[in-house]
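Chemist: I'd like to ask you about the structure that follows.
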Amino acid sequence: DGDTCPTVSMAELDHLVQVTSKSHLETCQYLREELHQMSWQKFLQDEVESYQSKPPEVMWQLCAVKITEAIQYVVEFAKRIDGFMDLCQNDQIVLLKAGSLEVVLVRMCRLFDSQNNSVYFDGKFAGPDVFKALGCDDLISSVFDFAKSMCSLHLSEDELALFSAFILLSADRSWLQEKLQVEKLQQKTELALQHVLQKNQREDGALNKLRCKVSALRSLCSRHAENLSAFRAVYPDIVRTHFPPLYKELFG
Amino acid sequence: LKEKHKILHQLLQNSTS
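Chains as they are written, first to last, in this note's numbering: chain A, 92 to 343; chain B, 6 to 22.
So this is what it looks like as structure tokens:
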């Protein structure tokens with residue numbers, strides 16, 4: 092046990108890996124096999140043009156709906172993370188408000204085809220050009236770059252599950268009431284992540300590479316907030332009346 | 006916070022399926 096914190100046994104870490112991985116697979120929205128079978132389905136040029144010619148508010152609404160659907164799965168994942176539901180309700184909400192979109196972005200690498208630089212969206216694989224009508228080319232291109240770099244790490248489902256839990260349990264979020272409790276859960280999750288990386292014989296500094304993703308995720312989410320705020324300034328009524336209520340709660 | 010996040014709170018309260 093020399094390589095782990097003395098208060099967490101190997102058996103406990105194995106259990107945490109198992110539980111987190113099961114929670115991830117039960118709530119991951121799409122199975123890898125399903126996605127693999129769909130990987131040949133790419134949008135045709137006229138379909139791409141049809142997305143590009145949509146009014147910005149229609150495309151924004153469509154993306155808000157897709158993000159909200161993905162977030163609902165992340166909420167289910169959070170509920171199954173060991174210790175999450177033992178946190179106070181304030182902290183459960185704080186962690187999901189700050190971290191749910193980050194986990195959606197982490198999970199996106201499962202839906203991403205690096206070879207074709209495309210992501211599974213609205214029934215087929217879409218390149219960045221499909222999202223042109225949103226008017227946020229820079230953000231979209233950064234999201235695609237992020238997905239590509241996550242893919243290049245070739246994380247297993249176990250590793251992805253623990254990294255997602257690690258992100259959700261970030262103890263440095265503002266407005267936490269029981270910060271210490273969250274910190275303990277996050278440290279245990281980090282140990283389990285380290286444990287599974289060692290077990291999978293990854294000696295390429297994968298943990299450090301994952302730690303670097305934390306700031307990239309925060310930057311993407313704050314840029315999403317900025318873009319939403321700019322959109323809302325032009326189309327306040329569309330956001331108020333047509334956007335999913337959960338999306339407005341989280342990002343409003 | 007709970008008041009401002011009624012849907013999220015509700016989702017958290019729903020039992021896991």
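Idealized CB from N, CA, C, for every residue including glycine.
So A:A217 is in the beta strand (DSSP E); what residue range does that whole segment cover?
Modeler: K215 to A217 is the extent of the beta strand (DSSP E) around A:A217.
Chemist: Apart from the five residues on each side of it in sequence, which residues of its chain come closer than 6 Å, Cβ to Cβ, to A:F222?
Modeler: Contacts found: I231.
Chemist: Does DSSP classify A:V210 as helix, strand or coil?
Modeler: Of the three classes helix, strand and coil, the one that applies to A:V210 here is strand, per DSSP.
Chemist: For a quick check, are the C-beta atoms of A:H294 and A:L178 less than 9 Å apart?
Modeler: In the sequence under discussion, the amino acid at residue 294 of chain A is Glu, which differs from the His named in the question. Cβ atoms of A:E294 and A:L178: not closer than 9 Å.
Chemist: Any idea what DSSP makes of A:F295, helix, strand or coil?
Modeler: As written in the sequence, residue 295 of chain A is Asp, which differs from the Phe given in the question. Reduced to three states, the DSSP call for A:D295 is coil.
Chemist: To the nearest whole angstrom, what separates the beta carbons of A:H115 and A:F168, a pair I think is in contact under 8 Å?
Modeler: Right, the Cβ-Cβ distance comes to about 6 Å (below 8 Å), so this counts as a contact.
Chemist: Check each candidate in A:S100, A:S112, A:V99 and A:T98 and name the one with the smallest Cα separation from A:D249.
Modeler: Closest option to A:D249, Cα to Cα, is A:S112.
Chemist: Restricting to Cα atoms, I'd like to know which of A:E124, A:D137 and A:Q132 is closest to A:Y211.
Modeler: The shortest Cα separation from A:Y211 among A:E124, A:D137 and A:Q132 belongs to A:Q132.
Chemist: Answer yes or no: does any C-beta atom of chain B fall closer than 9 Å to that of A:N344?
Modeler: Limits of chain A in this structure are 92 at one end and 343 at the other, which puts residue 344 of chain A out of reach.
Chemist: Which chain B residues are close to A:E340, counting only those with a beta carbon under 8 Å from its beta carbon?
Modeler: By Cβ distance, chain B contributes K9, H10, K11, I12 and L13.
Chemist: Show which residues of chain B have a CB atom less than 9 Å away from the CB atom of A:N181.
Modeler: Residues of chain B passing the Cβ test: L6 and K7.
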